[in-house]
Amino acid sequence: MLAAAPPRTDVPVRPAQLAGPDGTDLPFRLTSEHGWYRPFDAPAALVLTSPQEGLALNRQHRQWSLTSTGGWTVRFCDRVPAEVPYALVTAAQKAEADPAAAAAPITGDRATALLLASGWSGFNRDGYRLVAAPDRRAALSWAESAPDPGPALTAAAETGVWTVHFSYNAPDHLLTATIVALLHPALRQPDQIPEHFRDLARSAPLNTGRGGGESVARPSAARMHGMASHPALRHISPPTLPPALPHFSPAGPTRPRPC
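Under numbering that gives the first Met the number 0, the first residue of the sequence shown is numbered 0, with each subsequent residue one higher.
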């Protein structure tokens, strides 16, 4: 009898915005688990389209965009923790069968309530409305000036910044799904956690083999207190959006991204 393979031991990282992307192949998961595919005559920027052909996932220069026949776009970069774009894209696919959810305008009310209940705090700064994480290394923000480009979820530390930006007409439930994913701990092998984030949270081993249980990693109380005492979002500048890149929309041929 062959010996059983040793169980994989991950650590649950919280706050999840520090977990790093973990190398998950998003297109492979969407293809194998949800039936996404690439049309044979697709332009180079198009990675996949959804089974109902109402959504398109594009990638150029380490920037991803999810576009819809409804005219909305969500953009994110390669550094976003893998759980966040996966939750975002699968929530968008489920909404293809629910026109009411897909049409609900983005307000951020539910997302903000979830963040505030988790200890985040809301305030204004430099022309932005923000809801900031307790460690002051992540924020959900809206520009107060018109035209409103839509909310952005941004995270930062001494090095490395990632952003998920929603167009002003994106469905509200996509932002909610993104926040729910971010508030859960992210499972990582120790060497997958970005080195410059490893001292920001104390993680307990999680045995994912038989009989394993979950132990949530939490920053030490002293370290959290020190971060929270910093000036608001010292490590986060107002989000800088990536330049507009051509992308394939399921509604038509390649065209500039909507703002």
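No residue lacks a Cβ here, since even glycine has one placed at the ideal position from N, Cα and C.
1) Should VAL46 and ALA169 be called a contact, given that it needs their Cβ atoms to be closer than 7 Å?
2) Can you tell me whether GLN188 is buried or exposed, with buried defined as 16 or more other CB within 10 angstroms of its CB?
3) Check whether the Cβ atoms of ALA91 and LEU54 lie closer than 7 Å to each other.
4) Once DSSP output is grouped into helix, strand and coil, what is the label at ARG187?
5) With a Cβ-Cβ cutoff of 7 Å, do ASP171 and THR111 count as a contact?
6) Could you name each continuous beta strand (DSSP E) segment of 3 residues or more that falls completely within the segment 68-125, going from the start of the chain to the end?
7) So, helix, strand or coil for GLN16, using DSSP?
8) Can you tell me the Cα-Cα spacing of TRP35 and ALA81, whole angstroms?
9) Note down the Cα distance separating ALA176 from TYR127, rounded to an integer number of angstroms.
10) Buried or exposed for PHE165, please, with buried defined as at least 16 other CB atoms from any protein chain shown within 10 angstroms of its CB.
11) For the candidate residues TYR85, PHE27, VAL10 and SER49, whose alpha-carbon lies nearest to that of LEU181?
12) On the DSSP bridge list, what partners appear for VAL160?
13) Rounded to whole angstroms, how far is the Cβ of PRO184 from the Cβ of PRO11, which I believe are closer than 8 Å?
14) Whole beta strand (DSSP E) runs in the segment 37-68 with 3 or more residues, listed along the chain?
15) So, at 6 Å on beta carbons, what are the nonlocal neighbours of GLY118 in its own chain, with the 5 sequence-adjacent residues on each side left out?
In terms of the structure at hand:
1) Walking along the sequence shown from the start, residue 46 turns up at place 47. Walking along the sequence shown from the start, residue 169 turns up at place 170. No, the Cβ-Cβ distance between VAL46 and ALA169 is not below 7 Å.
2) Mapped onto the sequence shown, residue 188 falls at position 189. Flag for GLN188 reads exposed.
3) Locating residue 91 in the sequence shown gives position 92, where the first residue counts as 1. Locating residue 54 in the sequence shown gives position 55, where the first residue counts as 1. In contact: ALA91 and LEU54 (Cβ atoms closer than 7 Å).
4) In the sequence shown, the residue the question calls residue 187 occupies position 188. Strand.
5) Taking the sequence shown and counting its residues from 1, the one referred to as residue 171 is at position 172. Taking the sequence shown and counting its residues from 1, the one referred to as residue 111 is at position 112. Their beta carbons are not under 7 Å apart, which means ASP171 does not touch THR111 by this criterion.
6) 72-76 and 120-124
7) Position 17 of the sequence shown, counted from the first residue, corresponds to residue 16. Note: GLN16 maps to helix in three-state DSSP.
8) On the sequence shown, position 36 is the one that residue 35 refers to. On the sequence shown, position 82 is the one that residue 81 refers to. Their backbone Cα atoms lie some 18 Å apart in a straight line.
9) Reading the sequence shown from its first residue, position 177 is the one you call residue 176. Reading the sequence shown from its first residue, position 128 is the one you call residue 127. C-alpha separation (whole angstroms): 22 Å.
10) Sequence index remark: in the sequence shown, residue 165 carries index 166 (1-based). The residue in question, PHE165, is buried, as its Cβ has 16 or more Cβ neighbours within 10 Å.
11) Taking the first residue of the sequence shown as 1, we reach residue 181 at position 182. When only C-alpha atoms are compared, the closest one is TYR85.
12) Start at 1 with the first residue of the sequence shown, and residue 160 comes out as number 161. Paired residue(s): ALA155.
13) As a first step, residue 184 is located in the sequence shown; it is residue number 185 there, counting from the start. As a first step, residue 11 is located in the sequence shown; it is residue number 12 there, counting from the start. The pair is a contact, with the Cβ atoms about 4 Å apart (cut-off 8 Å).
14) 45-48, 54-59 and 62-67
15) Indexing the sequence shown from 1 puts residue 118 at position 119. Counting only Cβ-Cβ distances below 6 Å, and skipping sequence neighbours, we find PRO133.
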